[in-house]
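Colleague: Got a structure here, written out as structure tokens. Questions coming.
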Ligand code: DAH
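Residue numbers (our numbering): -2 to 370.
If you want it as structure tokens, here you go:
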């Protein structure tokens, strides 16, 4: 029922408190009940109209009050007036502002409206691939290590047995940080071209035996195309212990590839060269797309270029020259041996998901990336 100003007979403080409290409450209820601009204007006028508005009516009542109560009633009335004006003002500002159009301030929440859905992100296909590979090696007892993307010449090259001016440096189209000429060569900064520098960084801080996997971002001065990007991802592995042999390398990688690609894949190792491993090899897996036949029905198999084999990584036995750089932390090349490997996470993701353009991974188009949600 709409609020009307009651006649007071009791002017005690308690009675006044109650009466004004009721008026406040009633006003608030009315304002809340109004769901349109016309509605709240009507409430405003009913309470604030100079002529016969509720506040005016209360003011008139003040006249009839006994002298002793007038002061107190005056205070209550002032307080009520301020309250009403303030509420009306807030409401008006809200109405006029852009928010007001969407959510009137005093309107109660409509629980029948659909909620606001916060879409959860999807794992990026390269990160997903990396995480899957990491899990395979974690089950073999490997832990994860990482290192800086902006690296020194020492860690990226020198300590990996690429001496200054060695031609093997040319195979890694390096992006150098500008303004480093004043420094000694080994201190000059560059964007790491591979995750291998973390091998050294890890061996500097952890004594053997170690088994680590190093996923990370690397950069090379390659113009972007369907299979190249100046920024890409590698996953590096390193195992050092006493009596590690090439047999351990083959067994570990063969097992890991079967875990990752499926138990029917075979591995093949072919001689290669890396400055930091001796001997070095490239490892291929039998094509998991055509099953190694080189053909898909009547069509030639493109991912393996009809060879039935796909190159996955570079690997080898850690070169004793590399151990020399971390000898003091327990890596005496006469006592320990180890193997290392490094693979391109993006390339594996491309093959795994049948994506034909590497650039799609880095353009941030949610229509593409959403497919992994
Ligand atoms: N760092 C090499 C590259 O980026 C990949 C690599 C090859 C890493 C052999 C290794 C390895 O650890 O043993 O081309």
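Idealized CB from N, CA, C, for every residue including glycine.
Given the structure is predicted, the values throughout are model-derived calculations rather than measurements.
Which term fits residue 371, buried or exposed, when burial requires 16 or more other beta carbons within 10 angstroms of its beta carbon?
Modeller: The requested residue 371 does not occur in the structure, where the chain is confined to residues -2 to 370.
Colleague: Please state if the CB of residue 323 and the CB of residue 201 are separated by a distance shorter than 8 Å.
Modeller: Yes, the Cβ-Cβ distance between residue 201 and residue 323 is below 8 Å.
Colleague: For residue 3 and residue 108, what's the separation of their Cα atoms in angstroms?
Modeller: Whole-angstrom Cα-Cα distance: 36 Å.
Colleague: State the DSSP-derived secondary structure class of residue 368, mapped to helix, strand or coil.
Modeller: Residue 368 falls in the helix class under three-state DSSP.
Colleague: Quick one: using the 10 Å Cβ neighbour count with 16 as the cut-off for buried, is residue 84 buried or exposed?
Modeller: Label assigned to residue 84: buried.
Colleague: For residue 161, does the count of other Cβ atoms within 10 angstroms reach 16, so buried, or fall short, so exposed?
Modeller: Looking at its Cβ environment, which holds fewer than 16 other Cβ atoms inside 10 Å, residue 161 is exposed.
Colleague: Within its chain, find whatever has a CB closer than 7 Å to the CB of residue 307; leave out the 5 residues flanking it on each side and keep chain order.
Modeller: Answer for residue 307: 281, 282, 284, 300, 301 and 348, listed in chain order.
Colleague: Could you check whether residue 155 and residue 195 sit closer than 8 Å to each other, using their CB atoms as the reference points?
Modeller: Cβ distance not < 8 Å, so residue 195 and residue 155 don't count as in contact.
Colleague: Cβ atoms of residue 177 and residue 190: under 8 Å apart, would you say?
Modeller: No; because the gap between Cβ atoms is not below 8 Å, this pair is not in contact.
Colleague: How would you call residue 335, buried or exposed, if buried means at least 16 neighbouring beta carbons within 10 angstroms?
Modeller: Result: buried.
Colleague: What is the DSSP secondary structure of residue 322, counted as helix, strand or coil?
Modeller: Three-state DSSP puts residue 322 in coil, outside helix and strand.
Colleague: DSSP three-state label for residue 5, please.
Modeller: Residue state, collapsed to three classes: coil.
Colleague: Measuring only the C-alpha atoms, how far is residue 97 from residue 56?
Modeller: Unreliable placement is indicated for residue 97, whose pLDDT of 46 sits below 50; no coordinate value is reported for it.
Colleague: Are the beta-carbon atoms belonging to residue 319 and residue 128 less than 8 Å from one another?
Modeller: The answer is no: Cβ separation not under 8 Å.
Colleague: Between which two residues does the beta strand (DSSP E) harbouring residue 155 extend?
Modeller: It is not in any beta strand (DSSP E) - residue 155 carries neither H nor E in the DSSP assignment.
Colleague: Please list the terminal residues of the continuous beta strand (DSSP E) segment that includes residue 267.
Modeller: 264 to 271 is the span of the beta strand (DSSP E), which, as asked, contains residue 267.
Colleague: Can you give the beta carbon distance from residue 275 to residue 245, rounded, assuming they're within the 8 Å contact cut?
Modeller: So it is not a contact: roughly 16 Å between Cβ atoms.
Colleague: So what's residue 47 in DSSP terms, helix, strand or just coil?
Modeller: Here residue 47 sits in coil by DSSP.
Colleague: Looking at C-beta atoms only, is the number of pairs between the stretch 214 to 233 and the stretch 262 to 273 that lie closer than 8 Å three or more?
Modeller: As far as the Cβ criterion goes, the stretch 214 to 233 does not touch the stretch 262 to 273, which means the pair count is below three.
Colleague: Take every Cβ of the stretch 349 to 361, pair it with every Cβ of the stretch 241 to 255, and state whether three or more of those distances are shorter than 8 Å.
Modeller: Contact fails: fewer than three Cβ-Cβ distances are below 8 Å.
Colleague: Out of 69, 61, 52 and 58, which one is the CA nearest neighbour of residue 78?
Modeller: That would be 52, whose Cα lies nearest to the Cα of residue 78.
Colleague: Applying the criterion that 16 or more other CB atoms from any shown protein chain within 10 Å of the CB defines a buried residue, is residue 13 buried or exposed?
Modeller: Result: buried.
Colleague: List the DSSP bridge partners of residue 373.
Modeller: This structure cannot speak to residue 373, because the chain is shown only from -2 to 370.
Colleague: Identify whether residue 149 lies in helix, strand or coil by the three-state DSSP scheme.
Modeller: Correct three-state label for residue 149: strand.
Colleague: Do residue 237 and residue 333 have their CB atoms nearer than 8 Å?
Modeller: Taking 8 Å as the Cβ cut-off, residue 237 and residue 333 qualify as a contacting pair.
Colleague: At a threshold of 7 Å, does residue 163 count as lining the ligand DAH (C-beta to nearest heavy atom)?
Modeller: No, the Cβ of residue 163 stays beyond 7 Å of every heavy atom of the ligand DAH.
Colleague: Are the Cβ atoms of residue 371 and residue 369 separated by less than 8 Å?
Modeller: With the chain represented from -2 up to 370, any question about residue 371 goes unanswered, as that position is not in the structure.
Colleague: Going along the chain, which unbroken runs of the alpha helix (DSSP H) with 4 or more residues stay wholly within the stretch 18 to 94?
Modeller: Qualifying alpha helix (DSSP H) stretches, in chain order: 34 to 45, 51 to 61 and 64 to 93.
Colleague: Do residue 210 and residue 141 have their beta-carbon atoms positioned less than 8 Å apart in this structure?
Modeller: Yes, the pair counts as a contact, with Cβ atoms nearer than the cut-off.
Colleague: Out of 36, 288 and 229, which has the shortest C-alpha to C-alpha gap to residue 341?
Modeller: Taking only the C-alpha atoms, the option nearest residue 341 is 229.
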